[in-house]
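Asks: Provided herewith is a single structure, encoded as structure tokens, for subsequent inquiry.
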Amino acid sequence: MPPKEYNLTTNEKRVLLALVKKSDFTPDNLAAESGLSVEAAMQAAFMLKEKEFSKISDENQDYYELTKEGEDYAANGLPERKIMGLLERNPTLNIDELKKMLGSPYYIEYGLPWLIKKRWARIEKGKVIPIVLKPEKGIDENVIDDLKRYKKIYKYQWAEDSEVREKIYALEKRDIIEKFTEKQRIIYITNRGRELVNKGITIEEEIAQLTPAIIKSGAWKDKNIRPYNIHTPVKPVYGAKLHPYQRLINEMRSIFLEMGFTEIKGDIVQSSFWNFDALFQPQDHPAREMQDTFHLDTECDLPEEYIAPVKKMHEKGAGISRGWGGTWSEDIARKQVLRTHTTAVTIKYLADHPDPPVKAFCIDRAYRREAIDPTHTPEFEQLEGVVMDKGVSFKNLLGCLTEFYHRMGFDEVRFRPGYFPYTEPSVEPEVYIESRGKWVELGGAGVFRKEVTLPLGIKHPVLAWGLGVSRVAMLRLGLKDLRELYQSDIT
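Just add 378 to the spot in the sequence shown (first one is 1) and you have the working numbering.
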């Protein structure tokens with residue numbers, strides 16, 4: 379019998395007898411072995427831990443799964459493998475013939491570059507010439523096969539050599555596999571617990587809580603009553619704290635409010651008019667294509683007072699430039715999108731407030747179709763700002779941004795010439811990170827072109843910027859993977 383001072387409950391005894399049977403247990407396995415619910419088994423395990431009879435560890439494990447696109451490749455082969463299948467039968471095919479045989483330009487667009495990169499083939503005068511007629515399966519294809527078979531594979535199960543890591547990273551970039559993280563809880567028995575079991579444990583029925591019925595019946599006289607230790611200290615409770623990323627966003631917000639700016643908000647769903655057309659982006663601009671923008675199947679009304687001037691500016695330049703030519707379409711402008719930048723919010727605010735002075739900023743999320751990797755996510759925070767007043771200049775813009783970055787703790791700030799469709803001149807602010815020994819670009823800025831401001835009735839210069847919030851957060855918090863900003867790991 380175990381010493382009486384241990385005061386083990388029936389559930390604790392069951393868990394100890396289960397733990398001694400093998401080296402470690404997950405909560406589900408422990409529950410099944412002890413005949414308890416998961417909740418009861420874990421409660422007993424934690425009680426045993428306090429008495430040093432068990433150990434409990436929480437470990438984060440990264441694992442990979444196939445994306446929907448990856449599942450298609452697992453079933454039908456990678457684009458480059460499909461092309462090689464055709465070339466094996468006819469090694470003299472040209473690109474146009476391959477497109478027809480594959481039935482979609484997609485396989486050529488995504489498969490051909492990898493075909494060349496893997497040195498399976500080369501292109502000469504429009505023909506795809508095989509270098510290796512029957513290439514062996516590479517590491518990337520083996521990874522896909524493994525995931526097809528096992529559905530989920532933990533990172534540690536693959537060899538940790540650099541070549542495998544490189545192939546896995548490439549598959550992530552191609553949106554073929556996706557990495558997830560899960561927390562695994564493992565329960566062990568200690569040597570002290572094992573010694574206790576060896577001395578002998580007897581499971582007896584006990585009363586955990588006295589009820590009026592038990593007292594009246596006198597049943598308590600013949601049964602063991604679970605003792606309670608009134609001296610057991612209460613577990614400490616720690617107050618909640620703001621997420622470090624949210625604290626950083628609040629710090630940015632405070633800086634601009636202290637500089638006299640007004641914070642504004644806007645809708646996540648925007649018309650193409652405010653997201654693109656009002657910013658003098660041509661309607662055939664690549665940024666409007668599906669690979670960059672989330673297009674919705676809905677439309678909305680356009681602001682009547684701005685249709686004619688924006689149309690004239692796009693088609694003919696309205697006397698200040700040549701415009702983009704062609705025919706500007708109201709139908710395209712009506713289509714709704716998830717905003718690709720918060721500039722859609724600030725430009726509408728300027729149109730509603732055309733009289734100077736205006737100093738406004740917006741910190742909010744924007745959305746683009748990006749493959750998730752250490753430096754990209756489909757949704758991200760952006761800090762957008764505008765200053766409109768009589769006589770403001772490019773020099774004021776540089777001064778404003780320099781002041782902001784200095785207050786954020788970056789001592790060295792410089793500006794590199796850049797290009798954006800709706801500002802001229804344009805720059806990309808950079809800060810020097812001493813720990814990395816290099817300059818890091820943090821966004822874009824410039825002075826709105828008159829092609830943007832005049833159709834909206836804005837007659838004075840507008841300084842504008844869009845800064846990457848998450849990039850600043852990664853630098854301030856010392857992170858190398860953007861995804862860590864959105865994980866609830868407080869360690």
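Built from N, CA and C at the ideal position, the CB exists for glycine as well.
(1) Is any beta-carbon of chain D found at less than 8 angstroms from that of Asp524?
(2) Would Tyr441 and Glu560 qualify as a contact pair, given that the criterion is a beta-carbon distance under 8 angstroms?
(3) Taking the beta strand (DSSP E) that Lys816 belongs to, which residues open and close that run?
(4) To the nearest angstrom, report how far apart Tyr451 and Val398 are at their CA atoms.
(5) Closer than 6 angstroms by C-beta to Tyr566: which residues in its own chain qualify, once you throw out the five before and the five after it? Chain order, please.
(6) Report yes if the CB atom of Val366 is closer than 8 angstroms to the CB atom of Leu657, and no otherwise.
(7) Would you mind reading off the limits of the alpha helix (DSSP H) that contains Gln624?
(8) Assuming Gln421 is part of the alpha helix (DSSP H), what are its boundary residues?
(9) According to the neighbour-count rule (16 or more other Cβ atoms, all chains shown, within 10 Å of its Cβ), is Pro833 buried or exposed?
(10) For Thr676, which option in Leu863, Ala711 and Met786 has the closest C-alpha, if you only look at C-alpha atoms?
(11) With DSSP as the reference, label Lys533 as helix, strand or coil.
(12) Indicate the three-state DSSP secondary structure (helix, strand or coil) for Gly824 in the structure shown.
(13) Note the first and the last residue of the continuous alpha helix (DSSP H) segment covering Tyr484.
(14) By the DSSP assignment, the beta strand (DSSP E) with Phe870 in it spans what residues?
(15) In this structure, does DSSP put Ser804 in helix, strand or coil?
(16) Given a cut-off of 8 angstroms, decide if Cys740 and Glu757 are closer than it, judged by their beta-carbon atoms.
(17) Just to confirm my understanding: we take Arg746, look at its own chain, exclude 5 residues before and 5 after, and list those with CB closer than 6 angstroms. What are they?
(18) Compute the beta-carbon to beta-carbon distance between Leu493 and Ile461, rounded to the nearest angstrom, for a pair I have assumed lies under 8 angstroms.
(19) Can you find the residues in the same chain that come closer than 7 angstroms, C-beta to C-beta, to Leu855, ignoring five residues on each side of it along the sequence?
(20) Identify, in the order they occur along the chain, each residue of the same chain with its Cβ nearer than 6 angstroms to the Cβ of Asp742, setting aside the five sequence neighbours on each side.
(21) What residues in its chain sit with their C-beta under 6 angstroms from that of Lys526, if we drop five residues either side in the sequence?
(22) Return yes when the Cβ of Met691 is within less than 8 angstroms of the Cβ of Gly701, no when it is not.
(23) Determine the DSSP secondary structure at Met852, reduced to helix, strand or coil.
(24) Measuring straight from C-alpha to C-alpha, what distance separates Lys382 and Leu414?
(25) Under the three-state reduction of DSSP, which class applies to Cys678: helix, strand or coil?
(26) For the alpha helix (DSSP H) that contains Met479, what are its first and last residues?
(27) Can you name the start and end residues of the alpha helix (DSSP H) that Trp652 belongs to?
(28) Is Ile546 near Gly504, with beta carbons less than 8 angstroms apart?
(29) Closer than 7 angstroms: is that where the CB of Pro795 sits relative to any heavy atom of the ligand MN?
(30) Just curious, the alpha helix (DSSP H) that Tyr727 is in, first and last residue?
(31) Using DSSP with H/G/I as helix, E/B as strand and the rest coil, what is Tyr864?
(32) Helix, strand or coil: which one does DSSP assign to Thr780?
(33) Using a Cβ-Cβ cut-off of 8 angstroms (strictly less than) and excluding sequence neighbours within five positions of Lys726, which residues of its own chain qualify?
(34) Is DSSP giving Lys515 helix, strand or coil here?
(35) Please tell me whether Val818 and Leu863 are closer than 8 angstroms, where the distance is taken between their beta carbons.
(36) Tell me the DSSP bridge mates of Phe843?
Replies: Walking through what the data contain:
(1) Among the protein chains of the structure shown there is no chain D, as only one such chain exists.
(2) Residue numbering aside, residue 441 sits at position 63 when the sequence shown is read from its first letter. Residue numbering aside, residue 560 sits at position 182 when the sequence shown is read from its first letter. Cβ atoms of Tyr441 and Glu560: closer than 8 angstroms.
(3) In the sequence shown, residue 816 corresponds to position 438, counting from 1. Taken as a continuous stretch (DSSP letters only), the beta strand (DSSP E) holding Lys816 covers Lys816 to Glu819.
(4) Your numbering for residue 451 matches position 73 in the sequence shown. Your numbering for residue 398 matches position 20 in the sequence shown. Approximately 45 angstroms between the Cα atoms of the pair.
(5) For the purposes of this step, residue 566 is taken as residue 188 along the sequence shown, with counting starting at 1. Around Tyr566: Asp402 and Lys433.
(6) The requested residue 366 does not occur in the structure, where the chain is confined to residues 379 to 869.
(7) The residue you call residue 624 lines up with position 246 of the sequence shown. Element bounds for Gln624: Pro622 to Glu636.
(8) The count along the sequence shown starts at 1 and reaches residue 421 at position 43. Its alpha helix (DSSP H) spans residues Val416 to Glu428.
(9) On the sequence shown, position 455 is the one that residue 833 refers to. Flag for Pro833 reads buried.
(10) For the purposes of this step, residue 676 is taken as the residue at position 298 of the sequence shown. If we check each option's Cα against that of Thr676, Ala711 comes out closest.
(11) By 1-based counting over the sequence shown, the position of residue 533 is 155. Reduced to three states, the DSSP call for Lys533 is helix.
(12) Indexing the sequence shown from 1 puts residue 824 at position 446. If DSSP states are grouped into helix, strand and coil, Gly824 belongs with the strands.
(13) As a working mapping, residue 484 is identified with position 106 in the sequence shown. Unbroken alpha helix (DSSP H) run through Tyr484: Pro483 to Lys495.
(14) With the chain running from 379 to 869 in the structure shown, residue 870 is simply not present.
(15) Position 426 of the sequence shown, counting from 1, holds the residue named residue 804. DSSP places Ser804 in strand when its eight states are reduced to three.
(16) Looking up residue 757 in the sequence shown gives position 379. Looking up residue 740 in the sequence shown gives position 362. Contact: no.
(17) Stepping through the sequence shown from its first residue, residue 746 is reached at position 368. Contacts found: Asp670 and Thr718.
(18) As a working note, residue 493 is residue 115 in the sequence shown. As a working note, residue 461 is residue 83 in the sequence shown. Between Ile461 and Leu493 the Cβ distance is about 6 angstroms, and since that is below 8 angstroms, they are a contact.
(19) Stepping through the sequence shown from its first residue, residue 855 is reached at position 477. Correct list, in chain order: Pro622.
(20) Counted from its first residue, the sequence shown places residue 742 at position 364. Hits under 6 angstroms: Thr720.
(21) As a working mapping, residue 526 is identified with position 148 in the sequence shown. Excluding residues within five positions, the ones whose Cβ falls inside 6 angstroms are Ala452.
(22) Here residue 701 corresponds to residue number 323 of the sequence shown, with the count starting at 1. Here residue 691 corresponds to residue number 313 of the sequence shown, with the count starting at 1. Cβ distance < 8 angstroms, so Gly701 and Met691 count as in contact.
(23) Residue mapping note: residue 852 aligns to position 474 of the sequence shown, counting from 1. Note: Met852 maps to helix in three-state DSSP.
(24) By 1-based counting over the sequence shown, the position of residue 382 is 4. By 1-based counting over the sequence shown, the position of residue 414 is 36. The pLDDT assigned to Lys382 is 47, lower than 50, so where the model puts this residue is not dependable; a value taken from the coordinates is nonetheless given after this. Using only the alpha carbons, I get a separation of about 24 angstroms.
(25) By one-based count along the sequence shown, residue 678 stands at place 300. DSSP places Cys678 in coil when its eight states are reduced to three.
(26) Counting from one through the sequence shown, the residue named residue 479 turns up at place 101. Note, Met479: alpha helix (DSSP H), Ile473 to Leu480.
(27) Here the question's residue 652 lines up with position 274 in the sequence shown. Segment Ser650 to Asn653, the alpha helix (DSSP H) holding Trp652.
(28) Along the sequence shown, read from residue 1 onward, the residue named residue 546 stands at position 168. Along the sequence shown, read from residue 1 onward, the residue named residue 504 stands at position 126. Not in contact: Ile546 and Gly504 (Cβ atoms no closer than 8 angstroms).
(29) As presented, the structure is devoid of all ligands, the ligand MN included, so that no description of it is given.
(30) For this step, residue 727 is matched to residue 349 along the sequence shown. Thr721 to Asp730 is the span of the alpha helix (DSSP H), which, as asked, contains Tyr727.
(31) For the purposes of this step, residue 864 is taken as the residue at position 486 of the sequence shown. The answer is helix: DSSP assigns Tyr864 an H, G or I state.
(32) Taking the first residue of the sequence shown as 1, we reach residue 780 at position 402. It is helical.
(33) Here residue 726 corresponds to residue number 348 of the sequence shown, with the count starting at 1. Gly644, Trp652 and Ala656, listed in sequence order.
(34) Mapped onto the sequence shown, residue 515 falls at position 137. Note: Lys515 maps to coil in three-state DSSP.
(35) As a first step, residue 818 must be located in the sequence shown, where it is residue number 440. As a first step, residue 863 must be located in the sequence shown, where it is residue number 485. Going by C-beta atoms, Val818 is not nearer than 8 angstroms to Leu863.
(36) Taking the first residue of the sequence shown as 1, we reach residue 843 at position 465. What sits at residue 843 in the sequence shown is Trp, not Phe. Note: Trp843 sits in a beta bridge opposite Gly763 and Ala823.
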